[in-house]
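In what follows, a single structure is set out as structure tokens and then discussed.
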Amino acid sequence: MSSENHGTVKGDTAMVMSPTGSATQGSPVSPSTSKPVPELPDELVQAGWSKCWSKRENRPYWFNRFTNQSMWEMPVLGQHDVISDPLGLNAAPASAEGAGDAGVGNGQRKRCLEEEAAQGGPNSFKRPKIEIGIPVTPTTPTLPISPITSGAKPWNSTTGTEDKPGQPAPALYRPTVIYWDLDIQTNAVIRERAPANHLPPHPEIELQRSQLTTKLRQHYQELCYQREGIEPPQESFNRWLLERKVLDKGPDPLLPSDCDPIISPSMFREVMNDIPIRLSRIKYKEEARKLLFKYAEAAKKMIDSRNATPDSRKVVKWNAEDTMNWLRRDNSASKEDYMDRLEHLRKQCGPHVTAVAKDSVEGICTKIYHISVEYVQRIRQAHQTMLKDCNITDPEAAEVQGRLVYCYPVRLALPSPTQPRVELHFENDIACLRYKGEMVKVNRGYFAKLELLYRYSCIDDPRFEKFLSRIWCLIKRYQVMFGAGVNEGMGLQGALPVPVFEALNKQFGVSFECFASPLNSYFKQFCSAFPDTDGFFGSRGPFLNFSPASGSFEANPPFCEELMDAMVTHFEELLEKSSEPLSFIIFVPEWRDPLTPALNRMETSAFRRHQMSLPAFEHEYRSGSQHICKKGGDVLQGSPRHGGHLPAECRRLRQVGAHAGAHPGAAGSLPGLPANLGLPSPLIHLLCAHYALPSQCGGVGQQRLYCRQDGT
Numbered sequence: 001m002s003s004e005n006h007g008t009v010k011g012d013t014a015m016v017m018s019p020t021g022s023a024t025q026g027s028p029v030s031p032s033t034s035k036p037v038p039e040l041p042d043e044l045v046q047a048g049w050s051k052c053w054s055k056r057e058n059r060p061y062w063f064n065r066f067t068n069q070s071m072w073e074m075p076v077l078g079q080h081d082v083i084s085d086p087l088g089l090n091a092a093p094a095s096a097e098g099a100g101d102a103g104v105g106n107g108q109r110k111r112c113l114e115e116e117a118a119q120g121g122p123n124s125f126k127r128p129k130i131e132i133g134i135p136v137t138p139t140t141p142t143l144p145i146s147p148i149t150s151g152a153k154p155w156n157s158t159t160g161t162e163d164k165p166g167q168p169a170p171a172l173y174r175p176t177v178i179y180w181d182l183d184i185q186t187n188a189v190i191r192e193r194a195p196a197n198h199l200p201p202h203p204e205i206e207l208q209r210s211q212l213t214t215k216l217r218q219h220y221q222e223l224c225y226q227r228e229g230i231e232p233p234q235e236s237f238n239r240w241l242l243e244r245k246v247l248d249k250g251p252d253p254l255l256p257s258d259c260d261p262i263i264s265p266s267m268f269r270e271v272m273n274d275i276p277i278r279l280s281r282i283k284y285k286e287e288a289r290k291l292l293f294k295y296a297e298a299a300k301k302m303i304d305s306r307n308a309t310p311d312s313r314k315v316v317k318w319n320a321e322d323t324m325n326w327l328r329r330d331n332s333a334s335k336e337d338y339m340d341r342l343e344h345l346r347k348q349c350g351p352h353v354t355a356v357a358k359d360s361v362e363g364i365c366t367k368i369y370h371i372s373v374e375y376v377q378r379i380r381q382a383h384q385t386m387l388k389d390c391n392i393t394d395p396e397a398a399e400v401q402g403r404l405v406y407c408y409p410v411r412l413a414l415p416s417p418t419q420p421r422v423e424l425h426f427e428n429d430i431a432c433l434r435y436k437g438e439m440v441k442v443n444r445g446y447f448a449k450l451e452l453l454y455r456y457s458c459i460d461d462p463r464f465e466k467f468l469s470r471i472w473c474l475i476k477r478y479q480v481m482f483g484a485g486v487n488e489g490m491g492l493q494g495a496l497p498v499p500v501f502e503a504l505n506k507q508f509g510v511s512f513e514c515f516a517s518p519l520n521s522y523f524k525q526f527c528s529a530f531p532d533t534d535g536f537f538g539s540r541g542p543f544l545n546f547s548p549a550s551g552s553f554e555a556n557p558p559f560c561e562e563l564m565d566a567m568v569t570h571f572e573e574l575l576e577k578s579s580e581p582l583s584f585i586i587f588v589p590e591w592r593d594p595l596t597p598a599l600n601r602m603e604t605s606a607f608r609r610h611q612m613s614l615p616a617f618e619h620e621y622r623s624g625s626q627h628i629c630k631k632g633g634d635v636l637q638g639s640p641r642h643g644g645h646l647p648a649e650c651r652r653l654r655q656v657g658a659h660a661g662a663h664p665g666a667a668g669s670l671p672g673l674p675a676n677l678g679l680p681s682p683l684i685h686l687l688c689a690h691y692a693l694p695s696q697c698g699g700v701g702q703q704r705l706y707c708r709q710d711g712t
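Residue numbers are given in UniProt numbering: position 135 of the sequence shown equals residue 135, and the series is strictly consecutive.
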């Protein structure tokens, strides 16, 4: 259900639980929950009308919370429904005083596009039924509300002119194929929390952050080339950002500035793996022969040019020369022979090469971190100066009662400053948003999805005056985080196929994604990396800071070892503290060479209920760039390599508490997830605490979270 942003401040439907376990429906407390004093007759108030104030037009308007209609003039009871009765044949006779005005208004006014966009569900775009006894009145906005309509220029018109009142309203854009289900309500319950202290996003600050992050990437590339003579390992900078944010306590949402230790294990490991040369995948014998020769030559050259011990120099040079002599003698070796010889050479020379390169690689990690700290200080100072110029100061701390409520999006404590102009235009099926020459693009269907998420989640912008600037900041943030190169960062944003989400929701009541973004989420409730930009579009914040008391969750984390290990730690802490039904279905790569800590901990966890492996070439992901694909996201990444380690994938189910053996997934495979389904991950786990079956609760949904273990 969409939150009503006019006159009232609401999040997702909340649930307050009593100490005895009973539940009552309510709304989560938001930064402001006081309703404006009604200035309308009781009849209009009962019909859903309230008086609001337009900051843009600097005048009042009237909004109907039942029909999502907006009017500049006070509504008059008895006006006919222009949708079902456009000619007014069935309308009640109006008084003589208002007949003239009503006639002019009905003939010249056009319907507000906000009404058209909100008439149906997010997936069906159907108009809801109008309850009997609630009058429906025409609306009279001067500008269209929804930016997803073709031909509408609400905020970004280059001419600055408004649509003429006599022209018909543009038709609402309807995606032909939908890859999400925003109608599914959450069953995740959390403790009520205070608004976040993040600084509100602004295109000017986001542009500065983008430029500095790009500059930091360039520094990283130059350091790798100058000190080690290699190109930066693919995606290593992106994984560095992910790994650093697990530890970072700094103020910036993207760049790290307060981490301990300073040297990143992720960056150190990935750079060291490419020394002395990067090893690539081999298909043919000749490629294996050339790779072996290059490695031997590079190892010998490196040990000669570095300050190595005599013993290290002797071992590396002897093994390198022996390998090159073997290559000159034996021309009949197979591909496997060359690869075995390469593996032997790496074992003999690897420790010595690592020893001489250690100080240099640690210097790269330290230098990048200190540059990042400097950039964060510059961004923070510019952001605070902007807020000070807008007379925005830190608000008083909000009181939090700590009740159990259904999860709701992140709210910012600071109000947003005035947003600059962001231009919008459409190129076929691509929406293009431009700010100061910097353009970001998103598929038009996903632009419509963002509009719906914004309508459901945002409480401080009922007139969509800041919508385009916030979308620009959102897309720019993810573009900068994962890089602007072709297909760069796609592997870190891959999503599960739609049939998998449907099965998870139907069979396990899953309604929440632990690692997603407004761009690739399937549900409207999810956790994401950036609460400041994503909270307006439904994000509950970073999952490592999210502590649900109960619910059913899906976790498909970015494939970063440190992040996955922190995820497992967080899961186990939540499961140990939980006294309510709580379950996590986890999709992770099966990295066994070497075995990653996260995988080992999940396999030995007391909460493990089930696991399943899928072969590497028998599963698929939705593309990480689905939001900019011309096909509208109908693109699959088949047969991902998962870092080159994976022969297979697994799924796991975990459960503790009473009736632990009663789960239907105890034998063989997960119920509802057949083996031939295109499941997108090498290793799938389900960790549960006091798991209650949907069949025991009379259906999947909010009820099943609160049923007792005896099935009542």
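Note that CB positions come from ideal geometry on N, CA and C, so glycine has one too. Remember, predicted model here, so these are calculated numbers, not experimental data.
Whole-angstrom distance between Gly538 and Pro531, CA atom to CA atom: 9 Å
Among Phe584, Gly445, Trp591, which has the Cα closest to the Cα of Cys514? Phe584
Tell me which residues share the same chain as Tyr446 and place their Cβ nearer than 6 Å to its Cβ, disregarding the 5 neighbours each side in the sequence. His627
Compute the distance between the beta-carbons of Ser264 and Glu243, then report whether it is under 7 Å. yes
Between which two residues does the alpha helix (DSSP H) harbouring Arg289 extend? 285-305
Suppose you measure from the CA of Arg227 to the CA of Thr186; what does that come to, to the nearest Å? 51 Å
Once the 5 residues before and after Gly698 are set aside, which same chain residues still bring their CB inside 6 Å of it? Low local confidence applies: a pLDDT of 30 at Gly698 is under 50, so the model's placement there is unreliable, with the coordinate-based value given in what follows. Within the same chain, Gly698 has no close Cβ partners at all.
Who does Pro251 pair with in a DSSP beta bridge? In DSSP, Pro251 forms no bridge with anything.
Pick from Pro415, Pro557, Trp49 that is closest to Leu496, judged by C-alpha positions: Pro557
C-alpha gap between Glu286 and Pro615, whole angstroms: 28 Å
Can you name, in chain order, every residue of its own chain whose Cβ lies under 6 Å from the Cβ of Glu270, other than the five neighbours on each side? Pro233, Ser236
When Ala299, Trp62, Lys245 are compared against Ser528, the one with the closest alpha-carbon: Lys245
Pro531 (DSSP reduced to helix, strand or coil): helix
Is it a yes or a no for the stretch 352-364 touching the stretch 296-308, going by three-plus beta-carbon pairs under 8 Å? yes
7 Å Cβ cutoff met for Cys473 and Glu206: yes
Close Cβ partners of Pro395 (< 6 Å) along its chain, the five nearest in sequence each way excluded: Ala413
According to DSSP, is Gly166 part of a helix, a strand, or is it coil? Here Gly166 scores only 39 on pLDDT, less than 50, and its place in the model is too uncertain to base an answer on.
Cα-Cα separation, Ser550 to Tyr338: 54 Å
Does the contact criterion of 3 or more C-beta pairs under 8 Å hold for the stretch 374-388 versus the stretch 322-332? no
Considering Val315, what are the terminal residues of the alpha helix (DSSP H) in which it resides? 310-329
Glu465 by DSSP, collapsed to three states: which one? coil
If you run the structure through DSSP and keep just helix, strand and coil, what is Tyr220? helix
Among residues of its own chain, excluding the 5 on either side of Cys224, which ones have a beta-carbon nearer than 6 Å to its beta-carbon? Ile230, Pro232
Around the Cβ of Thr137, are there at least 16 other Cβ atoms within 10 angstroms (buried) or fewer (exposed)? Caution applies to Thr137, whose pLDDT of 35 falls short of 50 and renders its modelled position unreliable; the value that the coordinates give is listed next. Buried, since its Cβ has 16 or more Cβ neighbours within 10 Å.
Can you have a look at Asp534 and say buried or exposed, based on whether 16 or more other CB atoms are within 10 angstroms of its CB? buried
Thinking just about the alpha-carbon of each residue, which of His219, Ala503, Val361, His202 is nearest to the one in Ile275? Val361
Identify the residues that DSSP records as bridge partners of Val189: which are they? Tyr406, Ser550
Glu270 lies in the alpha helix (DSSP H); which residues open and close that run? 265-273
Element boundaries [beta strand (DSSP E), containing Ile430]: 430-435
Spatial distance of His198 from Ala598 (CA atoms): 30 Å
Is the number of C-beta pairs between the stretch 439-454 and the stretch 557-574 that are closer than 8 Å three or more? no
Tell whether a beta-carbon distance below 7 Å holds between Tyr454 and Lys524. no
Can you give me the C-alpha to C-alpha distance between Phe543 and Met564, rounded to a whole angstrom? 12 Å
State buried or exposed for Gly363, treating a residue as buried only when at least 16 other CB atoms are found within 10 Å of its CB. exposed
If you reduce the DSSP assignment to three classes, tell me which class Val76 lands in. coil
Determine the direct distance from the alpha carbon of Lys388 to that of Val700, and round the result to whole angstroms. At Val700, the pLDDT of 29 sits below 50, so the modelled position is not reliable; the number obtained from the coordinates is stated separately. So the alpha carbons of these two residues sit roughly 49 Å apart.
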